[in-house]
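Trainee: Protein chains in written order, with the working numbering: chain C, -5 to 154; chain U, -5 to 154; chain G, -5 to 154; chain L, -5 to 154.
All residues carry an ideal CB built from backbone N, CA and C; glycine is no exception.
Before I ask anything, here is the structure I am working with.
4 protein chains.
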Amino acid sequence: MENKPIIGVIGTASSHDASIVELAFEVGREIARRGAVLLCGGLGGVMEAACRGAKKEGGITIGILPGSSVSEANPFVDYCIATGLGEARNLIIVLSSSALVACGGGAGTLSEIAFALKHGKPLAGLRTWQLRNGSGQEGFFPQFESAREAVAYLFKRLEV
Amino acid sequence: MENKPIIGVIGTASSHDASIVELAFEVGREIARRGAVLLCGGLGGVMEAACRGAKKEGGITIGILPGSSVSEANPFVDYCIATGLGEARNLIIVLSSSALVACGGGAGTLSEIAFALKHGKPLAGLRTWQLRNGSGQEGFFPQFESAREAVAYLFKRLEV
Amino acid sequence: MENKPIIGVIGTASSHDASIVELAFEVGREIARRGAVLLCGGLGGVMEAACRGAKKEGGITIGILPGSSVSEANPFVDYCIATGLGEARNLIIVLSSSALVACGGGAGTLSEIAFALKHGKPLAGLRTWQLRNGSGQEGFFPQFESAREAVAYLFKRLEV
Amino acid sequence: MENKPIIGVIGTASSHDASIVELAFEVGREIARRGAVLLCGGLGGVMEAACRGAKKEGGITIGILPGSSVSEANPFVDYCIATGLGEARNLIIVLSSSALVACGGGAGTLSEIAFALKHGKPLAGLRTWQLRNGSGQEGFFPQFESAREAVAYLFKRLEV
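Below, the structure written as structure tokens:
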């Protein structure tokens, strides 16, 4: 019934970098302003900042949690999905998103980037992992300087 | 942000029994009338009928899909979660629901009943499985005749 | 390379019934005597007793654990698979087994019985759940009095 | 009962590079010569070559399959685990291994590298992904030129 695209935001729960958290907040705002639903891992840090940004603009947020209780969700998640799967839930975040923004990130975020590449999901990077494979290839997805550019890129990709 | 309870509806995609499908439709209506969110496996049959009922009353529906594409969801699902996990997604349906209604059902529904019992989730049955364990115990959850009674029972349980 | 069949044994980690534990031990012995590999959830109670029985006869045992560390396996598991999936690993136990014995059991075992029925896996019951579906059908799998009979039934089914 | 370490081998099913397949074969031989069990994703390409190498040296192999049938395993897998989870099974490969070798690899392998870093598992690379995180850090795991060196490194790490 809802035909709004779902945009995933991936990043760590434990970012010590205030500028990454600020970027995530702006990503959330951009997603909501464009009328898309924001989906993430539902926890704190980058995830919470993105949800907070989306709610500030009246958007809708979904959290795919690693644990078995919805109580671990950050307070800006509208719809909590408790998977009980630990990090295997990272694949669900990718499969359920039409496109994704990686915002900073640690090893968990890297696994989500990998799944996004595997499934050919449009992916925009903001100060996140850069990759070179065993054959020396690079540039698997574009990196941006601002939340606005990153989200604009994804919407352009989804139009095609 | 949303403080609406999430009620799960479990039942088969392939019910040949029109009265079960009608029951599921009424279950969906009752859930939406009471302001709760309906969550299910997102496919056809009982799941689709319940979603259709909820949408008729202006409710919100979430589908937790077994496959890796949101395109398999029935047309009455608002928010589609693509898990790619096959029937392992049945556990997610249970963990994400505050309480559940089992409406008819085959082996997949039985697995969801089992997970609901395991996690102590309030569960109401409508023409579904009856169980006796190896020690001869029965009556693990109540069975009802109408959608209204089943849903009313769950809300009463959630109040406590 | 190994062409030995894999037989799953399902039952609770916390059986307070010594006769169920004794039955599980005999099930493990029978499986090993017939040259099959025993697969289970890798924890204590029925699972440990079955593994202990298999090892007494020189058999091989595999444990599919719910947690993320192999250290939670009982000491009679040869090959530990750490899934980190919680009870979603119950589906893996069923899919990886050619046939299964249910020995007593609680709600987790019921979910495994459900998945075995769903996937058409031969299943033998020993003092376990009895089922009646919403249409009044019963007898979804046979129940036996002894480990020997239960395991013999499964091997007969696998010969076909 | 078995106290042999389990070494995971990760890499793609569809390598077009004969030298990568040859490397994987040698990795499998090294693992078996040292008395460890080889665990992998159970499919073709790098996975099959590694299993073939292990079996040539009389080793034992375990395959954690993405699908729901053990029939998709390569012929050099001794013990097949059918997960039905798709790529979510990549996490199981990492959690069940004491240490891992990444041999070439595509996006799926990258997800396994990510999970290995997340869980602090010793990891050796052979012509595989090189990573730089958003803060510019590199060198998350060592890369080697030969199978012998890669496997020797892992055993040294496990001794500590």
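With distances taken between CB atoms, is the gap from L59(G) to A76(L) smaller than 7 Å?
Mentor: no
Trainee: What do you reckon, are the CB atoms on G128(G) and G98(U) nearer than 7 Å?
Mentor: yes
Trainee: Use the C-beta contact count for N(-3)(C): other C-beta atoms within 10 angstroms, 16 or more gives buried, fewer gives exposed.
Mentor: exposed
Trainee: Under 7 Å, Cβ to Cβ, is there at least one residue of chain L near S105(C)?
Mentor: It does: the Cβ of S105(C) has a partner Cβ on chain L nearer than 7 Å.
Trainee: Which term fits G133(C), buried or exposed, when burial requires 16 or more other beta carbons within 10 angstroms of its beta carbon?
Mentor: exposed
Trainee: I think A44(C) touches V3(C), with their Cβ atoms under 8 Å apart; what is that distance to the nearest whole Å?
Mentor: 4 Å
Trainee: Sort G100(L), V64(L) and A108(L) by Cα distance to H10(L) and report the nearest one.
Mentor: G100(L)
Trainee: Where does F109(G) fall in DSSP's three states?
Mentor: helix
Trainee: At least one CB of chain U closer than 7 Å to the CB of I86(C): is that the case?
Mentor: At a cut-off of 7 Å between C-beta atoms, I86(C) counts as an interface residue with respect to chain U.
Trainee: What residues of chain G sit near R121(U), judged by a beta carbon separation below 7 Å?
Mentor: G128
Trainee: Determine the contact status of A26(U) and E51(U), defining contact as a CB-CB distance below 7 Å.
Mentor: yes
Trainee: How would you label E42(U), buried or exposed, when you count the other beta carbons within 10 angstroms and need 16 or more for buried?
Mentor: buried
Trainee: In chain C, what lies closer than 9 Å to A18(G) by C-beta?
Mentor: Going along chain C, no residue has its Cβ under 9 Å from A18(G), so there is no contact; the nearest lies around 26 Å.
Trainee: Could you give the first and the last residue of the continuous beta strand (DSSP E) run that contains R46(C)?
Mentor: Not the beta strand (DSSP E): R46(C) falls in the alpha helix (DSSP H), residues V40 to K50.
Trainee: Hey, how far is the Cα of R142(U) from the Cα of C74(U)?
Mentor: So the two alpha carbons sit approximately 26 Å from each other.
Trainee: Is the shortest distance between the beta-carbon of L111(G) and the beta-carbons of chain U less than 7 Å?
Mentor: yes
Trainee: At 4 residues or longer, and completely inside the region 66 to 118 of chain U: list those alpha helix (DSSP H) runs for me, N to C.
Mentor: 83 to 90 and 101 to 112
Trainee: Under 6 Å Cβ to Cβ from R121(G), same chain only, skipping five residues before and after it: list those, please.
Mentor: G98
Trainee: Using a cut-off of 7 Å between C-beta atoms, extract the partners of S62(C) located in chain G.
Mentor: Simply G80.
Trainee: For I4(L), which residues in chain G fall below 9 Å Cβ to Cβ?
Mentor: The premise fails here: I4(L) is roughly 16 Å from chain G at the closest Cβ pair, so nothing lies under 9 Å.
Trainee: Contact criterion: CB-CB distance below 7 Å. Does A43(G) meet it with respect to chain L?
Mentor: A43(G) does not count as touching chain L.
Trainee: Where do the N-terminal and C-terminal ends of the alpha helix (DSSP H) with I25(L) fall, by residue?
Mentor: A12 to R27
Trainee: Are any of the Cβ atoms in chain C nearer than 7 Å to that of I14(U)?
Mentor: no
Trainee: Between L89(U) and chain A, is any beta-carbon pair separated by less than 7 Å?
Mentor: Among the chains of the structure shown, chain A does not appear; the protein chains present are C, U, G and L.
Trainee: With DSSP as the reference, label R121(C) as helix, strand or coil.
Mentor: For R121(C), the three-state secondary structure derived from DSSP is coil.
Trainee: Might you give, ordered along the chain, the residues of its own chain that have their beta carbon closer than 7 Å to the beta carbon of F149(C), omitting 5 neighbours on each side?
Mentor: R28
Trainee: Tell me whether E20(L) is buried or exposed, calling it buried when 16 or more other Cβ atoms sit within 10 Å of its Cβ.
Mentor: Its Cβ being crowded by 16 or more others within 10 Å, E20(L) is buried.
Trainee: G119(L) and Q137(L): beta carbons closer than 7 Å?
Mentor: yes
Trainee: Count the other CB atoms within 10 Å of the CB of G36(U); is the residue buried (16 or more) or exposed (fewer)?
Mentor: Classification of G36(U): buried, given that the 10 Å Cβ count is 16 or more.
Trainee: Skipping 5 residues on each side, what residues in its chain have a beta carbon closer than 7 Å to that of S62(U)?
Mentor: A76 and G78
Trainee: Grab me the residues of E24(L)'s own chain with a C-beta within less than 7 Å of its C-beta, minus the 5 sequence neighbours each way, in chain order.
Mentor: For E24(L), where only same-chain residues beyond five positions count, the Cβ hits under 7 Å are A141, R142 and V145.
Trainee: Taking only the alpha-carbon atoms, compute the straight-line gap between P69(U) and G22(U) and give it to the nearest angstrom.
Mentor: 14 Å
Trainee: According to the Cβ coordinates, are A108(L) and S105(C) closer than 7 Å?
Mentor: yes
Trainee: Using CA coordinates, which residue listed in P116(U), G80(U) and I1(U) is at the minimum distance from K112(G)?
Mentor: G80(U)
Trainee: For chain U, check one thing: does any of its Cβ atoms lie closer than 7 Å to the Cβ of I75(C)?
Mentor: yes
Trainee: Pick from S92(U), R126(U), T103(U) and W123(U): whose alpha carbon is nearest that of L33(U)?
Mentor: If you compare the alpha carbons of S92(U), R126(U), T103(U) and W123(U) with that of L33(U), the shortest gap goes to S92(U).
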